[in-house]
Every structure is written in structure tokens, then in C-alpha cells.
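S.K.: Right, I'll just put the structure down here and ask away after.
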Amino acid sequence: MGKLIRLELFNFKSYKGHHVLLFGDAFFTSIIGPNGSGKSNAMDAISFVLGIKSSALRSSHLKELVYRGRVLSKSTANGEEHSNGTDAHEQDTSNQANGTQERNDPKSAWVMAVYEDDAGIEQKYKRTITNQGVSEYRINERVVAAQQYNESLEEENILIKARNFLVFQGDVEAIAVQKPQDLTRLIEQVSGSLEYKAEYDKLKAELDEAAEQQAFQLNRRRGINSEIRQYQEQKREAENFQKKAAERDEAIVTHVLWKLYHLQRQIEESSAEIQKHQDDLKEYRRGIEKYERNLEVARKDHVQAARSVAKAERAIKAKEREIEEKTSSLVPIDEQISVSNKQLTKYANRVNSILKERNAQAATVAQLEKDLSTVEKAQAQWQKQWEQNASRLGGQLSNADLQQYTRLREELNKRASVDLSRVERLKNERAPIEATYNNLKSSVETTEYKLKALEDEYSAITERKDAVKEVVQQTQTEIEAKKKELNAATSRRLQAARTRTELDEKLAEVARKLLEADDGRRMSEREMRTKETIAMLKRTYPGVKGRVHELCKPKQKKYQEAVSTVLGRHFDSVVVDTEATAKQCIEYLRDHRSGQATFIPLDTIHVKALNSNLKGMHRGMRPAIETVDYDESVARAISYACGNSIVCDDLAIAKELCYVRHVDAKAVTLDGSVIHKGGLMTGGRGREQNTRRWDDAEIERLNKLKDKLMEEFAALPQERSRVTEEQTLQNELSGLESRLRYAKEELDALNKNLQSKKREVDHVRQLLKEETPKMRSEQSKLDKIDEEIADYQESVDNVENEIFADFCQRLGFDDIRDYEARQGSLQQEAAQKKLEFVTQKGRIEGQLAFERTRLQATDDRLQALREKEQRDKETIDELNEQRQGIQDDLDTLKQELDELHAQLDEQQELLAAAGEKLAKQKQEVQKRAKEMESTFRAISALETEIQRHSATRYSLLRRCKIENIAIPLKDSSASLDSVPINEMPLDDANAMDVDEEDPTSSGMKAHHVTDYGVEPEFDVLDDDLKEDDSDAMEARLQEEIAKLSATLDKMQPNAHAAQRLAAVEQRAHDTEQEYEEARANYRELKAKFEETMEKRNELFNQAFSHISEQIEPIYSNLTKSDEFPAGGRAYLTADEEEPYLAGVNYHTMPPTKRFRDMEHLSGGEKTMAALALLFAIHSYQPSPFFVLDEVDAALDNANVGKLVNYVRNHAGPGMQFIVISLKTGFFQGSETLVGVYRDQGANSSKCLTLDLRKYT
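Rendered as C-alpha cells:
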């Protein structure tokens, strides 16, 4: 087996230009170098030249593998220059700044692997990336296709698909923890069994489909054989059935012809009797016409009087409504007057409150004016006194005394000049301080007074606010209560309206149902008389059960129409216990001339068993007997009436059952359409009368419900009174809401006023708080200056006493200060007094102006309230005028109503008189009509007899047409096609009596019996059948037909058995051929599949067995050490039959540890396990070299040493290792080193080779 000699690269990734990685004859080569130097690019080069796709080489396109230059930028750090690579596209934008030239990158690249085979011949495998960005493959410089290139590599055992000789960086752990399916696929690639996978899957799918088709054809053949046997039996039954059916048809023809003969004879006899009675009626008719004319005149008079009474009643009701409307219009006016009066009261109370407040304010103003006048008078009086004192004191001293005083004062100034100057200075300082103090004191007193007044106003507004707030709360409470009353009234009105609407709807529904249930006056009377007759029969004969429709009831309303149609002529039949009871009832009807009826005796009727095959045949179909509820005592009668009829949801289901499935039963749909046994179809809604007569108790219940609803409707309160009550409450609520709105507006105004007053009070308090400390500060300054002045003044006073002692003693003054107090300081005292008067007047005038402003605002509020009061009084006067006008209209309307009541009494008296006259005329007519009644009853009985016979005759002819009964006809007769199927006789054949609105006119009419032109040929009847019309003969004929029908019912043949048998036999022949074809196809596919499976199994098992045998010693060699010479254990497990389906599992047990899953191993343990697996797989079809890229990244030094020992021991001919590593412990054990470094100047990766064997 050969080896890889060297690897040549040209412009590949980071390698610019031509480079050679020389491996030589070494079998263990390590590629080393710093990070980013291009080691992994060398690994990518080996992968690239061996045909690996670019997506596995850390790139998305081949062009990305071509060398792309880098631009170097210089940076200086610590006095050294460093080069940093910059992308080319960055260089384009900073070309001039970096001082570099524009780059010219290559467009193509190639890698060539030089391989030496076993014969020592070099093989050159070269892969090039062209300018177009596609790959070109060459072998020994000869261009080849990619497939030929791969085949050449595979001949050297280099399996590109398996890639079992390449381990990329970071793939080691992924290999260890890969899924069983991935490991299986890897083994299949190595073994070559993967080539059979597609064919295996295809044949398996085809084989499964063929097996399924074979089973299907087998089951189909068995089913068809079963059908053949079934149709053969049905064919024999059909032939026997045809024979019996012919005998039954002949018996039916004889029976029908016998009944038609005797019906024709009875109709002719009854017609002759009717003609005789009609002649008698003509004579009676002429005698009663005079009294009928008088009755008609009386009836017209009575109708006219009734109309007059109704007209008067309508006028009274209209007038009452008008009065009620006027009365209702008074309610809102009264409410508005009440609300306005309450508002006037509120205004009056408010005016009184404001008047009290104004009086208090006016008193305050008067008192302030009085105080101001007092101060002015006091000032004038003081001024006068001061002037008198000044003139008196100024004239006591002579000129000599004044000169001596002046001289002594100068001496004093010389002796006490220092103290005097100090006192003067202090007095000068005191003057402005005193003025400031006086101003502050006056301001504080004014502010205190203003604060007190504002606090009083704030308290008054607060009290008013509390009062208004209480009014608001009270009004809100009243509004809530009034809203509840209004909502309750509205709810009652709406409830009454809803109730009235519901009652209207219920009455309309009841009226509609009663209208549907009422089949006209004639039908109701006839039905009533029939019910009376049946009730009499029940009382007379205990064996009478009742009519069929009274003894059963549909389970659901939707079945009513269908059940009515199913029952048909038996709808009004009477059920009795025995045949004897039926005969007694017939005698009773004949004796009392109560008409005729059909009776069903429970002891003699022949009930056919329900065909069990009908059940479950279709989910939209059910037997008719299952759609009704009935008592078990009459079950035979109900079963007899329903027969084998079926009820279908719609016509489509009925058609499917009768025409497709050939069900031998009469099919009736929910809307009343019928498909008869013979195939004829009948539609329309001819049984609505019967449908509406299901429950007479229901009609009675509807009448009671109608009366009850009418009573409830009459008991409902008048809507107008409800509206009036609601309007009254609405007006009261509006008044309360207006009052609330006004109160809230006043409350808002008070709140705003309070806020304003609060701000004023706070402002005044703040001023007082600021000015009071200032005043006290100035006062303390004055006290301090006064103390200093007193000290210096005492010294000056001592000197003054000494100097002015003789002067004061001679003039009679206590001391010189007494003289100066009287004379010298008089002006100062006057100024001080004037200042006090001015201050006091200013304070009083300020208070007076404030109180006058308040008084003016109060007057304005009082004037506004009085204007509102005046407007409300005017509104009340207008409302009173409107109320008086409405009251006058009410009085007039009441007088008119009294007049209308009087007119109504007169009209009612006239109506009573007309009623008495009408009753007398009716009695006269009824008295003379009794003579005609007996004759009419006789005619009516005969007519009923004819109608019943005519209906029975029509039913027989219709039956013959529908059921294709071929009765013999005369040559001049019309065919049975002229008999209509859906046209019924005018009256019900089973009715017991007929009532006409005008009996005499009915009795005079000519009665015609429609025979549709059909004339049966009665000559074919035997004479004994013509003469005998007894019930015994009827029973004998019916019994013969019933026996034949029972025999036929039991047979139930399939009429299409012969045709279907032939079709099934043909299908059996075709199915047999299809089954044989499916069987042969299955055998052929099974052989192909087993052959493919055997080949795939053989290849896979060979590889799996070899790898399983090698995995444990390899793992043991990799993990053994001096401490654990046995190393670890590893093995593979797989399914025995087809291991490539379930997947291959890889298990390891590192030394001193138990077996565990791969994901629970450490990183180093996973790496060792993965390497063991790779070496084992590689050993099956070993490639000549093994390339590992930094597989020792997760290994410690010990495991690295173990891996190096394994590689050194196995490196040799047929097993070349090329390892990329950064760990010294790994690459120092190799034979050759290939160093890769980055040449920043050339901007390229470069390499050099070192043979370590020279240094060992």
C-alpha cells in the first residue's frame, strides 16, 4: 500500500504562490505552527485535493478557497513595530492613507497530492479552481472527470464518501456521541452496503404493496364465490315465487271484480231512493220561503242596530282616551308648579339668610363710622387745649431770665458736651427706629383686625357650604329614590308591553293553530257528531277501543304527515275486540242512521310479521310501526294498519330503497310522498286534515289557552296610565335634578369662595407672621437705646441740676427739665399726639372701606336672588293659566261623554228590541223546517251510502291501476289509465255523516257518481258470486288471497337473481386472473428483495464483524498504562437479522469505571473512544494515510502519550499518519515535522520540513 510523498499548493487559501508540504518517506509526520499560521488550511488542502466538497472546508463556495491578499498596517508599541492584517476591501477605502498600491488577487488556485503506490510509481492527483469558479480534476496532468478521479482514489482504498481517513478539528467528540443511525451509515459507507440501500427500500415498498394486493385479490375471490352460491339459491326462489304470484293475482282479480259488482248494484238502488225523496222536498220548500224573507228583514234590522251600538261604544272610548290625555297633560304642569313653589321657598330662605348677614355687615359699618367721628372730635378738642396751654406757658419768663437761661445752657453744653452729644446722637438714632416701630405696630393691628374679619367670613361660608352640601346629599338621595321609582315604572311599562306583545304573539299562534285544526264549520260538526257516535258505541259496547288515530300518536311531530299517509283509509277505522262486537256496532249505526264506519276486530285480523331485514337497512329509514306510540292492547290493530310500510327522511332515500335496493315495502317520506310496492309514486299533501286531527284534546287545550290569554290580555293595565305615571315621575325627577344642579353650582361657588378666602387668610397670617417679629425687633432696639439714653441723661441731669439750681429755685420750677417739659418739649408732645390721631383714623378708615365693599357684594347677591324669585313667580302664573285652560277642556269633554253614554243606552234598547224580533222570526222558520228534517235525513243517509260506495269503488279502481290488477273490461269501456291516482272523492268514504250549511239545497241537488268511463266485465263472475254478497263470501275470498300472500311474503325472492348471477360469474372469472397475476408478481418481487437484502447483509456484516473484533484491542491499547495494563473495554451492538435498520450502538468502559453512555464521559474519554472507533473502522478497508487535525485538544499529557505510542507502533508501510498538533508531547514523537508559519512581509503562509530521524 502506498503513501503520500508531498503536497503542492498554489494560491490556496492563505498560501500565496507555490508551496510544497514535503512528507518524504516518513510514516509519522506532524504539522505544527502558531495559531492562524495556516495549519488547518493544509488539512483543507488535503481534503480538497481528495474531492471533498467546499462546504466541509469552512467555506460556502469554491472561489472562497482562492488566495485573497491582506493589506499590512504598521502600529508601534513599546518601540517595536507590529504588522496587522487588514482586509483588502478596507484597503480600497484607505489606499492613499496607508501608502499601499492597489491589490491584484489571483483568480485560480490548485492543490496537487503526489502519491507513491506499492510499485514505487508516483501518481499525481491535482484539483484546480478555474477562473470560472469550478473544479477541474487531473491525474498525472491529464484532465479527467470527477467520477473517474474518485474511482482512481478508491482503487488505492481512499474512500471519499466514507472519509474514514480524515478527522477534522472538533469532530472527535461528535464522532463519539453520534446517533446509532449515523454510526450505521458510516459503517455502510465503509462496507459498500450503502449502495444497496436505495434498491432495498424500493423493493421492500413494492413487496409490501404486492403482498397487500395479493391479500386483497384473495379476499375478493372468496367474497365473489360466496355471492355465486347466494344468487343460485335466490334464482330458484324467484322461479317458485313467480308461479305463486300468478295464482295470487288471479284470486285478487276475482275478489275485486266481486266487490265492484255488488258496489255498482247498491249505488243504483240508493240513487232511485234519493230521487223519490227529492220530489217530496220540493213541496216543502215552496211553503217556507215567506217566513225566510221575514227572517232576513229581521236579521238586517238587528245588524243595523248592532252597528249603531258599536259606533256609540267606539265614540265613548275615543272620548275617554281624549279625557285621559288631557288628565295626563295636567300632571307635568302640576309637577312644574310644585317644583317652582319649592324653588320660591328656597329663595325666600336664602334671602332671609342673606338679609341677616347684611344687617350684621351694616351694623359693623355704622359702628366704624361712629368710631371715626369720635376720633375726629377728640382730635379737635385736643388741638384747642394744646393751643391754650402753649399760649399760657410761653409768656411766664422775662428777657433777663431768658438771657440767663441761655448763658446757663451754654455753660451746660461746655461742661457736659460729651454726654450731650451722645444723648443727641442716640435720640437721632431712636427717631427712625421709633417711626418704623410705630408703622409696624399700626400694620400689625390692622392685619390682626383684617384676619379676624376674614376668619369670621370663612366660618360663615363654611357653615353655608355645609348646609348646601346637606341639601345636595338630600337631593341626591331623593333623585336616587325617584330614579328607582321611574325605573320600576319603566320596567313595569316595558314588562307590560313585552307581556302584551307575547300575548299577541301567543294569541296569533293559537289562532293560527286553531285555524289549521278547524276544517270548516261543516267538518267540525261532522267530526263532533262522529265523536259523539264513537263515545256512544264505547258506552254501549265495552269492546270498542276507539279510532286508530286516537289510539296511537307519532313519537315526534315530524312523523305526523308520514304516519297519516301510512294509516290511509285506516285513519278513522274503529278498533274493537271481536268480530261480534264489530257486527253489533254496524247494526247500531244502521238502526240510528249514524252513517258508516270501518271496524278492525282484534281477534280476526291477519297481521303480517314485520320484515326484520328492514331494520338498520339505512339510517334515514325506519319501519312505520316504530314511529308511533300505542298501548300493547291494540298492538295488533296498529301493526295491521301500518303493515310493512317504512318511513324515510326524504324522497332520495325512498327512491334508493325501492328502486335500487328493491325493498318490498311501501315507502312514505316525511312530507307525505309515497312509493308503492309496485313502483308507482304518489305526492302532494292530501292528508293534512288527518294530520290536524291527531289529538282533539289538543284543540280543546288550544281553546282553553286562547280564553286564558284573552283574560290575561284584558287584565293588563292600560298603557296610557303607565305612560302618565312615568311622565309624572320624569317631571319630578327633572325638578329634583334642576334643584341638584342649582345646589351644586352654589356649592362650587362656595368652594371657590372658600379657597379664595383661605388664600386670603393664609396670606394675612403670613403677613402677620412676618411683621410681628419685625415689630418686636424694633421694640427691642428702642428699649436698648432708651436704656443708653437714660444712662447718659442721668449724668447730664446731675450737671443740669448743679448749674440751674439757683435759676429754678428763683423761678419756682422743680428743675430745669420741668421748665423744658412745659416749654421746650411742648411741640414734640403735640407732634406725637397728632401722629397717634392720624394712625387711629387710618386704621378705622381702612376697616370701613373693607366693610362697605362686603356690604355692596351682599346687596348684589340679594338683588340676584330677588330677580330669580320674580321670574319663578311669573312662571307659576303662566302654568296656572295653562292648568285652568286644560281643566275647562276636561269639563267640556266630560259633558260630551255623558251625552254619548245617553245615546249608547238608547241604541242598546233598540238593539234589544231588534234581537227579540229576530228570535221570533227564527222560531217561526225553525217550526216549519222540522217537517223537512226527517226527509233530509233520509236523503243524507242515502247520499252518504252512495258516497261511501263510490269512494270504495274508486279505491278499488285506483288500486287496480296502481297495483296493475288486470280486471276484465267491456269493449266500450275506458282503460284503467283514465282513473286518476291523486284525485279523491268529494267526501271521505269512511265518514259517518255529512252536514251542509243548507240541508234543503243539498237535498235538492242531483247526485252524480263518477265512474271515469270504466265498465268492468261482470259476465266472467260465477253466478254464486253474483248472488252472494255476504261477509262470509268476502272472508272466503280474502282468506284465499291472504294464504297466497303469506306464502309469497315468506318466500321474499330476488327478482334480479338470474341477471346478477351471470354478472357475478363473469366477475369471478376476471378476479381469478387478477389474483394469479398478483401472486406471480409477489413471488418475483420477494425473490429480488431477498437477493438484495442478502447482499446488503453480507457486506455490512463483514464490516461490522471486523470492526467489532478490532474495537476492543484498539481501545485497550489506547487506554492501557502501567497502572492499568489491561486498559479499558469497548464493543459494538446491533440487531442480528438486519443491523442496518435498528442502528449500531457503541459502548465503552474506561479503566476503573463502569459502562456508561457516551454523553456521560469526560472530554478526554470521549476523544479516546472516538479515536478507537475511527482506527477500528479504518482497519477494515485501510486507506494508505490517516490525517488528524488537533485531535489531542481535550487530552491531558498522559493520554497524549498513550496516543503517541499507539501511532508510533502502528505507523509504517500501509499506515501513514499526518497529524496537526500544538502539543509538544505529541509532535516530538513524530518522524518528520512540517512547520507552518506566517510571512507578514509576503502576506502568505509558508512551510518548511524537518526530518527528526537525523537527530535520534
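In case it helps, full-length UniProt numbering puts the sequence shown at residues 1 to 1256.
Ideal placement from N, C-alpha and C gives every residue a C-beta, glycine not left out.
Predicted model, so just to flag it, every value in this text is computed and none were measured.
(1) Buried or exposed: V423, going by 16 or more other Cβ atoms within 10 Å of its Cβ?
(2) Just to confirm my understanding: we take K961, look at its own chain, exclude 5 residues before and 5 after, and list those with CB closer than 6 Å. What are they?
(3) Please say whether A146 and L1085 have beta carbons closer to each other than 8 Å?
(4) Work out the CA separation of D1192 and K1223 for me, nearest whole Å.
(5) Flag this pair as touching only if the segment 435 to 443 and the segment 771 to 783 have three or more C-beta atom pairs under 8 Å; answer yes or no.
(6) To which residues of the same chain is Y261 closer than 7 Å at the C-beta, ignoring the five residues directly before and after it?
(7) Going along the chain, which unbroken runs of the beta strand (DSSP E) with 3 or more residues stay wholly within the segment 725 to 775?
(8) Count the other CB atoms within 10 Å of the CB of G842; is the residue buried (16 or more) or exposed (fewer)?
(9) If I follow the unbroken beta strand (DSSP E) through Q1216, where does it start and stop?
(10) Going by the DSSP bridge assignment, what does H1147 pair with across the sheet?
(11) DSSP three-state label for M1168, please.
(12) Pull up the distance between the alpha-carbon of M984 and that of Q584, whole angstroms please.
(13) Is it true that the CB of V761 sits closer than 8 Å to the CB of L426?
(14) For Q727 and P332, what's the separation of their Cα atoms in angstroms?
(15) Under three-state DSSP, which class holds G620?
(16) Three or more beta-carbon pairs under 8 Å between the segment 1226 to 1235 and the segment 20 to 39, yes or no?
(17) According to DSSP, simplified to helix, strand and coil, what is K555?
(18) Between which two residues does the alpha helix (DSSP H) carrying S639 extend?
(19) Buried or exposed for E945, going by 16 or more other Cβ atoms inside 10 Å?
(20) Thinking C-beta only, is K319 closer than 8 Å to E893?
(21) How should E80 be labelled, buried or exposed, when 16 other C-beta atoms within 10 angstroms of its C-beta is the threshold for buried?
(22) Residues in its own chain within less than 7 Å of D671 by CB, not counting five upstream and five downstream?
(23) Quick test of your reading: residue 1313 and D105, contact by CB under 8 Å. State the CB separation rounded to the nearest angstrom.
(24) If you run the structure through DSSP and keep just helix, strand and coil, what is L257?
(25) For E1190, name the three-state secondary structure that DSSP assigns.
(26) Buried or exposed for G17, going by 16 or more other Cβ atoms inside 10 Å?
(27) Taking only the alpha-carbon atoms, compute the straight-line gap between L956 and A1042 and give it to the nearest angstrom.
(28) Taking the alpha-carbon positions, what's the D783 to T447 distance?
(29) CA-CA distance, L7 and A1080?
(30) Just curious, the alpha helix (DSSP H) that C808 is in, first and last residue?
(31) Is the beta carbon of K235 closer than 8 Å to that of L1061?
(32) Mapping DSSP to helix, strand and coil, what is R127?
(33) Using the C-alpha atoms, what's the distance from E924 back to E292?
(34) Taking only the alpha-carbon atoms, compute the straight-line gap between M1149 and N1197 and give it to the nearest angstrom.
(35) State buried or exposed for A1169, treating a residue as buried only when at least 16 other CB atoms are found within 10 Å of its CB.
(36) Taking all protein chains shown into account, decide if V134 is buried (16 or more other Cβ within 10 angstroms of its Cβ) or exposed.
M.R.: According to the structure data:
(1) Within the sequence shown, numbered from 1, the residue matching residue 423 stands at position 423. Classification for V423: buried.
(2) For the purposes of this step, residue 961 is taken as the residue at position 961 of the sequence shown. L976 and V979, listed in sequence order.
(3) Taking the first residue of the sequence shown as position 1, residue 1085 is located at position 1085. Taking the first residue of the sequence shown as position 1, residue 146 is located at position 146. Going by C-beta atoms, L1085 is not nearer than 8 Å to A146.
(4) Locating residue 1223 in the sequence shown gives position 1223, counting from the first residue. Locating residue 1192 in the sequence shown gives position 1192, counting from the first residue. Distance between the alpha carbons of K1223 and D1192 is about 8 Å.
(5) yes
(6) Position 261 of the sequence shown, counted from the start, is the residue given in the question as residue 261. Cβ within range, chain order: F1018, L1021 and K1026.
(7) none
(8) For this step, residue 842 is matched to residue 842 along the sequence shown. Exposed is the call here.
(9) Locating residue 1216 in the sequence shown gives position 1216, where the first residue counts as 1. Q1216 to I1220 is the span of the beta strand (DSSP E), which, as asked, contains Q1216.
(10) As a first step, residue 1147 must be located in the sequence shown, where it is residue number 1147. H1147 is bridged to Y1131.
(11) What you label residue 1168 is simply residue 1168 of the sequence shown in a count that begins at 1. Helix, per DSSP.
(12) As a working note, residue 984 is residue 984 in the sequence shown. As a working note, residue 584 is residue 584 in the sequence shown. Residue placement at M984 cannot be trusted, given a pLDDT of 49 that sits under 50; what the coordinates show is reported in the next sentence. Cα to Cα, the separation comes out at about 30 Å.
(13) Mapped onto the sequence shown, residue 426 falls at position 426. Mapped onto the sequence shown, residue 761 falls at position 761. Cβ distance not < 8 Å, so L426 and V761 don't count as in contact.
(14) As a first step, residue 727 is located in the sequence shown; it is residue number 727 there, counting from the start. As a first step, residue 332 is located in the sequence shown; it is residue number 332 there, counting from the start. When rounded, the distance between both Cα atoms is 7 Å.
(15) As a position in the sequence shown, residue 620 is number 620, starting the count at 1. Looking at G620 - three-state DSSP - the assignment turns out to be coil, as it is neither helix nor strand.
(16) yes
(17) On the sequence shown, residue 555 is found 555 positions in, with the first residue counted as 1. Residue state, collapsed to three classes: coil.
(18) Counting from 1 along the sequence shown, the entry for residue 639 is found at position 639. Its alpha helix (DSSP H) spans residues A635 to C642.
(19) Numbered from its first residue, the sequence shown carries residue 945 at position 945. Its Cβ being crowded by 16 or more others within 10 Å, E945 is buried.
(20) Within the sequence shown, the letter at position 893 stands for residue 893. Within the sequence shown, the letter at position 319 stands for residue 319. At residue 893 the sequence reads Leu, which differs from the Glu that was named. In contact: L893 and K319 (Cβ atoms closer than 8 Å).
(21) Within the sequence shown, numbered from 1, the residue matching residue 80 stands at position 80. Any answer about E80 is weak, because its pLDDT of 39 lies below 50 and its placement is not dependable; what the coordinates show is given next. That one is exposed.
(22) Position 671 of the sequence shown, counting from 1, holds the residue named residue 671. Answer for D671: E561, listed in chain order.
(23) Because the chain is modelled from 1 through 1256, residue 1313 falls outside the range shown and cannot be assessed.
(24) What you label residue 257 is simply residue 257 of the sequence shown in a count that begins at 1. Three-state DSSP puts L257 in a helix.
(25) The count along the sequence shown starts at 1 and reaches residue 1190 at position 1190. Three-state result, E1190: coil.
(26) The count along the sequence shown starts at 1 and reaches residue 17 at position 17. With fewer than 16 Cβ atoms within 10 Å of its Cβ, G17 is classed as exposed.
(27) Translated into the one-based positions of the sequence shown, residue 956 becomes position 956. Translated into the one-based positions of the sequence shown, residue 1042 becomes position 1042. Each residue's alpha carbon lies about 17 Å from the other.
(28) Here residue 783 refers to the residue found at position 783 when the sequence shown is read from its first residue. Here residue 447 refers to the residue found at position 447 when the sequence shown is read from its first residue. Using only the alpha carbons, I get a separation of about 24 Å.
(29) Position 7 of the sequence shown, counted from the first residue, corresponds to residue 7. Position 1080 of the sequence shown, counted from the first residue, corresponds to residue 1080. Distance between the alpha carbons of L7 and A1080 is about 59 Å.
(30) Position 808 of the sequence shown holds residue 808. Unbroken alpha helix (DSSP H) run through C808: A805 to L811.
(31) Numbered from 1 along the sequence shown, position 1061 holds the residue referred to as residue 1061. Numbered from 1 along the sequence shown, position 235 holds the residue referred to as residue 235. In this structure, K235 lies closer than 8 Å to L1061 by Cβ.
(32) Start at 1 with the first residue of the sequence shown, and residue 127 comes out as number 127. Residue state, collapsed to three classes: strand.
(33) Numbered from 1 along the sequence shown, position 292 holds the residue referred to as residue 292. Numbered from 1 along the sequence shown, position 924 holds the residue referred to as residue 924. Approximately 9 Å, taken between the alpha carbons.
(34) Position 1149 of the sequence shown, counted from the start, is the residue given in the question as residue 1149. Position 1197 of the sequence shown, counted from the start, is the residue given in the question as residue 1197. Taking the straight line joining both Cα atoms gives about 20 Å.
(35) Counted from its first residue, the sequence shown places residue 1169 at position 1169. With 16 or more other Cβ atoms within 10 Å, it is buried.
(36) Here residue 134 refers to the residue found at position 134 of the sequence shown. With fewer than 16 Cβ atoms within 10 Å of its Cβ, V134 is classed as exposed.
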